[in-house]
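Asks: Using UniProt numbering, you'd call the opening residue of the sequence shown number 1 and step up by one each time. Beta carbons: idealized from backbone N, C-alpha and C, even for Gly. Okay, here's the structure, questions in a sec.
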Amino acid sequence: MLEPRDAQDLRQIVADAASQGRKLELRGGGTRAGFGAPREVEVVSLRQIAGVVDYDPAELVLTVRPGTPLADVQALVAGQGQMLAFEPWGDADATIGGTVAASVAGSRRVTAGSARDHLLGLTAISGRGESFVAGAKVVKNVTGYDLPKLMAGSWGRLGAMIELTLKVLPRPRVTATMLATGLPPRAAHAAMACALGSNAEVSAAAHLSTGETLLRVAGFAPSVEARCMALPALMAGHCPLQRLTEEEAAPLWQRAMTGAELQGSVRWKVHLPPARAPELLERLAPLGAGWAMDWGGGLVWVTLDDPGTQVRDAAAALGGEATLIAAPQDMRATVPALQPRAAGVMALEQRVRRAFDPAGVFATGRFMEDADADQLSA
1 MLEPRDAQDL
11 RQIVADAASQ
21 GRKLELRGGG
31 TRAGFGAPRE
41 VEVVSLRQIA
51 GVVDYDPAEL
61 VLTVRPGTPL
71 ADVQALVAGQ
81 GQMLAFEPWG
91 DADATIGGTV
101 AASVAGSRRV
111 TAGSARDHLL
121 GLTAISGRGE
131 SFVAGAKVVK
141 NVTGYDLPKL
151 MAGSWGRLGA
161 MIELTLKVLP
171 RPRVTATMLA
181 TGLPPRAAHA
191 AMACALGSNA
201 EVSAAAHLST
211 GETLLRVAGF
221 APSVEARCMA
231 LPALMAGHCP
241 LQRLTEEEAA
251 PLWQRAMTGA
261 ELQGSVRWKV
271 HLPPARAPEL
281 LERLAPLGAG
291 WAMDWGGGLV
301 WVTLDDPGTQ
311 VRDAAAALGG
321 EATLIAAPQD
331 MRATVPALQP
341 RAAGVMALEQ
351 RVRRAFDPAG
361 VFATGRFMED
371 ADADQLSA
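Following this line, the structure appears as structure tokens:
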């Protein structure tokens with residue numbers, strides 16, 4: 001494993017790989033190293049390129065290097081009464097760079113957006129071994145192309161981020177969770193849609209296979225209290241509600257946003273129109289799938305032991321897509337991690353990658369559709 005100490009080291013490593021025809025896989029904390037197809041590739045760890053570059057709480061802007069532990073970033077902004085806008089989550093070794101590169105977003109995604117919505121700017125190294133800057137260290141930036149949106153969720157296929165500028169938000173003074181129990185998926189979706197569309201300003205909504213439906217309300221204490229008092233009447237046509245303590249609610253939200261407690265050797269992350277989530281679960285019921293629903297139904301974690309692609313097929317039929325998060329090695333070797341796209345879309349994606357990485361340094365085989373990206377004409 002290569003461990004560059006700074007941006008200059010990393011530029012040299014990438015430039016050498018480009019000139020020698022070698023492949024490099026960028027890695028943060030390695031918490032998602034098992035994602036994608038099995039591959040033999042040289043790993044470049046960014047853990048030593050860490051630390052806070054600049055933090056201006058008054059301007060709600062943080063610039064940080066990619067190897068900085070996610071937990072440290074969250075603790076830093078929490079100390080100023082703030083939070084990362086997209087509610088990232090990860091294991092103890094997760095880094096901020098890896099979190100953004102994987103576009104991780106928690107339950108607040110349904111109202112606050114994802115990492116790509118809050119990555120204001122970056123400095124990165126392309127597959128040529130050249131530095132480039134995109135965006136700006138301000139909340140509003142309208143000049144040029146919005147390259148940060150390409151980099152967030154790119155899984156290191158476009159370049160190595162060496163600085164990230166992120167928007168932060170004030171942390172709510174109070175957060176409360178209202179709970180309904182015993183609702184089947186269709187009734188739960190209707191309840192979540194009602195809550196999210198109401199004037200109660202519900203910031204997150206989730207439903208678990210064990211029957212819990214969760215609604216989150218956050219803000220200043222008087223506002224939260226008033227909205228929590230109003231919600232039972234607003235939801236009277238759907239379900240009775242009770243308020244949970246923070247200690248009771250935290251593990252339920254963790255289950256919803258990560259699907260971590262679901263049993264099964266194969267794990268899928270399904271994005272689809274929220275109204276179609278109940279139908280997806282009905283189609284998968286004969287397979288005995290485990291599941292958890294977040295983002296008001298827009299995200300469904302699905303686990304099972306069947307190595308087939310029934311989950312992906314069902315998601316596609318309902319206008320969604322399924323990402324293979326974890327599976328035995330033989331399945332990962334034959335089933336693409338990402339939902340296959342139309343040929344035209346895939347060709348466009350490959351040309352974009354070619355522009356950043358003409359030698360295919362970052363086309364490691366992790367994503368099967370990337371394998372021949374460096375064979376495309378410029």
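Report yes or no: do the segment 32-45 and the segment 79-87 share at least 3 C-beta pairs separated by less than 8 Å?
Replies: The segment 32-45 is not in contact with the segment 79-87.
Asks: Ordered along the chain, which non-local residues of its own chain (more than five positions away) have a Cβ less than 7 Å from that of residue 241?
Replies: Excluding sequence neighbours, residue 241 sits near 178, 179, 180, 231, 232 and 235.
Asks: For residue 260, does the three-state DSSP call read helix, strand or coil?
Replies: Note: residue 260 maps to coil in three-state DSSP.
Asks: Would you mind reading off the limits of the beta strand (DSSP E) that contains residue 163?
Replies: It spans 160-170 - the beta strand (DSSP E) in which residue 163 sits, taken as one unbroken run.
Asks: Taking the alpha-carbon positions, what's the residue 246 to residue 130 distance?
Replies: Approximately 47 Å between the Cα atoms of the pair.
Asks: Does the Cβ of residue 6 have 16 or more other Cβ atoms within 10 Å, making it buried, or fewer, making it exposed?
Replies: So residue 6 ends up on the exposed side.
Asks: With H, G and I counted as helix, E and B as strand and the rest as coil, what does DSSP make of residue 197?
Replies: Three-state DSSP puts residue 197 in coil, outside helix and strand.
Asks: For residue 329, which residues of its own chain have a beta-carbon under 7 Å away from its beta-carbon, when the five flanking residues on both sides are left out?
Replies: These residues qualify, in order along the chain: 38.
Asks: By alpha-carbon positions, which one of 214, 72 and 63 ends up nearest to residue 162?
Replies: Per the Cα distances, 63.
Asks: Is it buried or exposed for residue 173, if we count other Cβ within 10 angstroms and need 16 for buried?
Replies: With fewer than 16 Cβ atoms within 10 Å of its Cβ, residue 173 is classed as exposed.
Asks: On the three-state DSSP scale, how would you describe residue 138?
Replies: Residue placement at residue 138 is poorly supported in this model, since its pLDDT is 49, which falls under 50; the coordinates are not used for a value here.
Asks: From which residue to which residue does the alpha helix (DSSP H) around residue 80 run?
Replies: No alpha helix (DSSP H) contains residue 80, which DSSP labels as neither H nor E.
Asks: Which runs of the alpha helix (DSSP H) spanning at least 4 residues fall entirely within the segment 213-269, listed in chain order?
Replies: Listed in chain order, they are 221-234 and 246-258.
Asks: Which residue wins for smallest C-alpha separation from residue 290, given the options 308, 268, 274 and 272?
Replies: When only C-alpha atoms are compared, the closest one is 268.
Asks: In its own chain, which residues sit with a C-beta less than 6 Å from the C-beta of residue 295, not counting the 5 before and 5 after it?
Replies: Closer than 6 Å at Cβ, skipping near neighbours: 109 and 110.
Asks: Could you give the distance in angstroms between the alpha-carbon of residue 265 and the alpha-carbon of residue 51?
Replies: Cα to Cα, the separation comes out at about 36 Å.
Asks: Which residues share a DSSP beta bridge with residue 61?
Replies: Per DSSP, 56 and 167.
Asks: Hey, is the segment 198-214 in contact with the segment 153-171, meaning 3+ C-beta pairs nearer than 8 Å?
Replies: Touching, no, given that fewer than three Cβ pairs across the two stretches are closer than 8 Å.
Asks: Thinking C-beta only, is residue 301 closer than 8 Å to residue 259?
Replies: Yes; because the gap between Cβ atoms is below 8 Å, this pair is in contact.
Asks: Hey, would you say residue 96 sits closer than 8 Å to residue 11, going by beta carbons?
Replies: No; because the gap between Cβ atoms is not below 8 Å, this pair is not in contact.
Asks: Examine the ligand COA and report whether any of its heavy atoms sits within less than 7 Å of the Cβ of residue 237.
Replies: Although the ligand COA was asked about, the structure shown includes no ligands whatsoever.
Asks: So, is residue 345 buried or exposed, given that buried needs 16 or more other C-beta atoms within 10 angstroms?
Replies: With fewer than 16 other Cβ atoms within 10 Å, it is exposed.
Asks: Just grab the DSSP bridge partners of residue 69 for me.
Replies: DSSP output for residue 69 lists 95 as bridge partner(s).
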